[in-house]
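Line order of the protein sequences matches chains A and B.
Positions in the first sequence are counted from 1; adding 99 to them yields my numbering.
Positions in the second sequence are counted from 1; adding 99 to them yields my numbering.
Built from N, CA and C at the ideal position, the CB exists for glycine as well.
Protein chains: 2
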Amino acid sequence: MSLLVVGTVAFDAIETPFGKTDKILGGAATYISLAASYFTKNINLVSVVGEDFPAANIEMLQKHNVNTDGLQVLKGQKTFFWAGKYHNDMNTRDTITTELNVLETFNPVVPEAYQDCEFLMLGNLMPKVQQQVLSQLKSRPKLIVLDTMNFWMDIAMPELMETLKQIDVLTINDSEARQLSGEYSLVKAAQKILAMGPKYLIIKKGEHGALLFNKEQVFFAPALPLEDVFDPTGAGDSFAGGFIGYIAATKDISFENMKRAIIFGSATASFCVEKFGTENLVGLTQEEVDARVQEFVDLVQFDIALV
Amino acid sequence: MSLLVVGTVAFDAIETPFGKTDKILGGAATYISLAASYFTKNINLVSVVGEDFPAANIEMLQKHNVNTDGLQVLKGQKTFFWAGKYHNDMNTRDTITTELNVLETFNPVVPEAYQDCEFLMLGNLMPKVQQQVLSQLKSRPKLIVLDTMNFWMDIAMPELMETLKQIDVLTINDSEARQLSGEYSLVKAAQKILAMGPKYLIIKKGEHGALLFNKEQVFFAPALPLEDVFDPTGAGDSFAGGFIGYIAATKDISFENMKRAIIFGSATASFCVEKFGTENLVGLTQEEVDARVQEFVDLVQFDIALV
Numbered sequence: 100m101s102l103l104v105v106g107t108v109a110f111d112a113i114e115t116p117f118g119k120t121d122k123i124l125g126g127a128a129t130y131i132s133l134a135a136s137y138f139t140k141n142i143n144l145v146s147v148v149g150e151d152f153p154a155a156n157i158e159m160l161q162k163h164n165v166n167t168d169g170l171q172v173l174k175g176q177k178t179f180f181w182a183g184k185y186h187n188d189m190n191t192r193d194t195i196t197t198e199l200n201v202l203e204t205f206n207p208v209v210p211e212a213y214q215d216c217e218f219l220m221l222g223n224l225m226p227k228v229q230q231q232v233l234s235q236l237k238s239r240p241k242l243i244v245l246d247t248m249n250f251w252m253d254i255a256m257p258e259l260m261e262t263l264k265q266i267d268v269l270t271i272n273d274s275e276a277r278q279l280s281g282e283y284s285l286v287k288a289a290q291k292i293l294a295m296g297p298k299y300l301i302i303k304k305g306e307h308g309a310l311l312f313n314k315e316q317v318f319f320a321p322a323l324p325l326e327d328v329f330d331p332t333g334a335g336d337s338f339a340g341g342f343i344g345y346i347a348a349t350k351d352i353s354f355e356n357m358k359r360a361i362i363f364g365s366a367t368a369s370f371c372v373e374k375f376g377t378e379n380l381v382g383l384t385q386e387e388v389d390a391r392v393q394e395f396v397d398l399v400q401f402d403i404a405l406v
Numbered sequence: 100m101s102l103l104v105v106g107t108v109a110f111d112a113i114e115t116p117f118g119k120t121d122k123i124l125g126g127a128a129t130y131i132s133l134a135a136s137y138f139t140k141n142i143n144l145v146s147v148v149g150e151d152f153p154a155a156n157i158e159m160l161q162k163h164n165v166n167t168d169g170l171q172v173l174k175g176q177k178t179f180f181w182a183g184k185y186h187n188d189m190n191t192r193d194t195i196t197t198e199l200n201v202l203e204t205f206n207p208v209v210p211e212a213y214q215d216c217e218f219l220m221l222g223n224l225m226p227k228v229q230q231q232v233l234s235q236l237k238s239r240p241k242l243i244v245l246d247t248m249n250f251w252m253d254i255a256m257p258e259l260m261e262t263l264k265q266i267d268v269l270t271i272n273d274s275e276a277r278q279l280s281g282e283y284s285l286v287k288a289a290q291k292i293l294a295m296g297p298k299y300l301i302i303k304k305g306e307h308g309a310l311l312f313n314k315e316q317v318f319f320a321p322a323l324p325l326e327d328v329f330d331p332t333g334a335g336d337s338f339a340g341g342f343i344g345y346i347a348a349t350k351d352i353s354f355e356n357m358k359r360a361i362i363f364g365s366a367t368a369s370f371c372v373e374k375f376g377t378e379n380l381v382g383l384t385q386e387e388v389d390a391r392v393q394e395f396v397d398l399v400q401f402d403i404a405l406v
């Protein structure tokens, strides 16, 4: 049984107040897979790159227990490329360049060996492509998590709404939750979105943490207060990867276990933002991850004795 | 032994997206005293109002165990009045009117019967006035908590810096912490501010919760996700009142107990914002407060089992 990760593998060029990069490894599925690799060993990747994509990157993913048989390498084509610049508050950014390249015609193919998929993480992609993956699976995974963004709400809302009916957990940020629901209050937004199909909703609030809702319960996890956020790129995907990786490792999809998964996801995301791109997600030790999770426990734990 | 609360008692006229009020009861010391009254019984108030201040308001405070012997009622003068309008996001507001009235010449007098002060909450006031209170106390309280705002950083920074050397806990919001320290990162801001004098710093982030720092530790408490925030006026003061009220009730000024106090403060603030002004802070039952605190426990508690 395995974790299937579907999403972009890309090149990013990033500028923050702390510096800038040339084309470096990026993409939602890259961050998700690397983050999940600290919790579970059997990760299958479905994505697409061009022939400009270095073999060393593929080998690095494989060293993190990521099976890349489902990573299409298209001859004569170029890898998806995004360039962006963050503002001083690090919460907002401008897109400088988006070159879809191989993504323009991406036709995901789930290899036969991936059909044992028990947990599925659909990273941010065109909703139609996310549905193509769902339709190729012969049996329904135990848990389907989907990430999406405001862009698809703007241009592909009907397809997105159709996809939402087929999934278990939706992860979006606070402004996307407001856009999708038409409600400013996140509590009201959550109930409207849960009525669209997902059984669970995770609202990511960046430096302000994350909320987990089902129809009856709510859980909140903070982000770790860091001395500096160096580069927020991939934070949401690292969060999702840590979340689904922990779920896949524990095979427990209860609300109680999702709370723990959110803490592990938050811990993984906190590593991601400390350096540029995926740099800090490569080669973490189990001790480093455990120590970071303990920081979260220390950050929020208290004993109440009612007076 | 008692809790001494110093701050404004005022009239507010408030407009939010949900409605508007005529002149209603407001003021930092009002919110602080009412909030504290759910935890501790021996509350002494030092403040000033004009002869336009209704006796019914004073009686209401007294019913909440607030001793008003230190509340000066100035003949022929008018009570401090503030009018403001909140924007749609409820996080920002415009001041429409500020009439200082009795505050212009406020000379705080600590009655002899208040000298048993064990815990002191200095609500937001001119730093010079806060110092006048400190100088009247014959023995130093066990814990001195001070609230201030950006306005005093703009026009009375030397006096504020002097006052910060004399206190134990400073409560400010995130933008004020950034202004006071010159650091964007709240972690760096906290360390700079703690070097200015306070042993503890509470950074209030409104709907995003609150952080408690000392030089070695950090604790985070969320705000309760509410269906609607009706009126944010007084939220920070209710938070401070719940915090100091719980500390006064338990007489424990350890970091561990301050964590609990922050949860009680957050719970009290969550009541405050559900209605206009002080309306929801009058006549709460112990059961309601306890149930609200339990909501906070449920919101953030998790058990981590490292995989």
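Our two residues, GLY149/B and VAL172/B, have alpha carbons roughly 5 Å apart in a direct line. No Cβ of chain A is located within less than 8 Å of the beta carbon of HIS163/B. Close to chain A, meaning a Cβ-Cβ distance shorter than 7 Å, are the following residues of the stretch 322-336 of chain B: PRO324, LEU325, GLU326 and ASP327.
Using beta-carbon distances, LYS122/A does not count as an interface residue toward chain B, since no partner is under 8 Å. When CB distances to chain B are screened at a threshold of 7 Å, the residues of the stretch 347-368 of chain A falling below it are ALA348, THR349, LYS358, ARG359 and ILE362, in chain order. Apart from sequence neighbours up to five positions away, the residues of its chain that approach GLU282/B with a beta-carbon distance below 7 Å are ALA288 and LYS291, ordered along the chain.
With contacts defined as CB atoms closer than 8 Å, THR377/A and THR129/A qualify as a contacting pair. Annotated as distal: THR139/B and LEU103/B, with beta-carbon spacing of 8 Å or more. When the five nearest sequence neighbours on each side are left out, the beta carbons in the same chain lying within less than 7 Å of the beta carbon of VAL232/A are those of VAL105, VAL145, PRO207, VAL209 and LEU221, in order along the chain. Take the alpha-carbon of GLN393/B and the one of LYS174/B: they are about 46 Å apart.
Check the Cα spacing between ALA109/B and each of MET159/B, LYS177/B and GLY169/B: the tightest is with LYS177/B.
In the three-state reduction of the DSSP assignment, TYR185/B falls in the strand class. According to DSSP, residue pairing for CYS371/B in a beta bridge does not occur. ASN141/B and THR191/B have their C-alpha atoms some 35 Å from each other. Closer than 8 Å to the CB of LEU245/B there is not a single CB belonging to chain A.
Within chain A, the residues placing a beta-carbon under 8 Å from that of LEU398/B are VAL317, PHE318 and PHE319, ordered along the chain. DSSP links LEU310/A through a beta bridge to ILE302/A and PHE319/A. Under the three-state reduction of DSSP, ARG277/B is assigned to helix. Judged by beta-carbon spacing, SER337/A lies within the 8 Å limit of LEU380/A, meaning their Cβ atoms are closer than that value. Here THR349/A carries a helix assignment [DSSP, helix/strand/coil].
Within 7 Å of the CB of LYS287/B, the CB atoms of chain A belong to GLU326, in sequence order along the chain. A Cβ-Cβ separation of about 7 Å places PHE312/B in contact with TYR299/B under the 8 Å criterion. Classified as exposed, GLU158/B has fewer than 16 neighbouring CB atoms from the shown chains inside 10 Å of its CB. Residue environment analysis places PRO257/B among the exposed positions, since fewer than 16 neighbouring C-beta atoms fall within 10 angstroms of its C-beta.
Between SER369/A and LEU323/A the beta-carbon gap is near 4 Å, inside 8 Å, which marks them as a contact. Residue range 192-198 is occupied by the beta strand (DSSP E) that includes ARG192/B. For the 8 Å CB-CB criterion, LEU259/A and PRO297/A do not form a contact. Neighbours of ILE403/A across chain B, judged by C-beta separation under 7 Å: ARG359, ILE362, VAL392 and VAL396. Here ASP246/B carries a strand assignment [DSSP, helix/strand/coil].
Under the three-state reduction of DSSP output, MET220/B falls in the strand class. For the options THR262/A, ASP351/A, HIS163/A and GLY118/A, the alpha carbon positioned closest to that of GLN385/A is the one of HIS163/A.
About 5 Å separates the Cβ atoms of ALA112/A and LYS122/A, confirming a contact at the 8 Å cut-off. The straight-line gap separating the alpha-carbon atoms of HIS186/A and SER284/B is approximately 14 Å. Taking 8 Å as the upper bound for CB-CB distance, ILE343/A and PHE218/A are in contact here, some 6 Å apart. The three-state reading of DSSP puts ALA112/B in strand, counting E and B together.
Taking 8 Å as the CB threshold, LEU310/B lines the interface with chain A.
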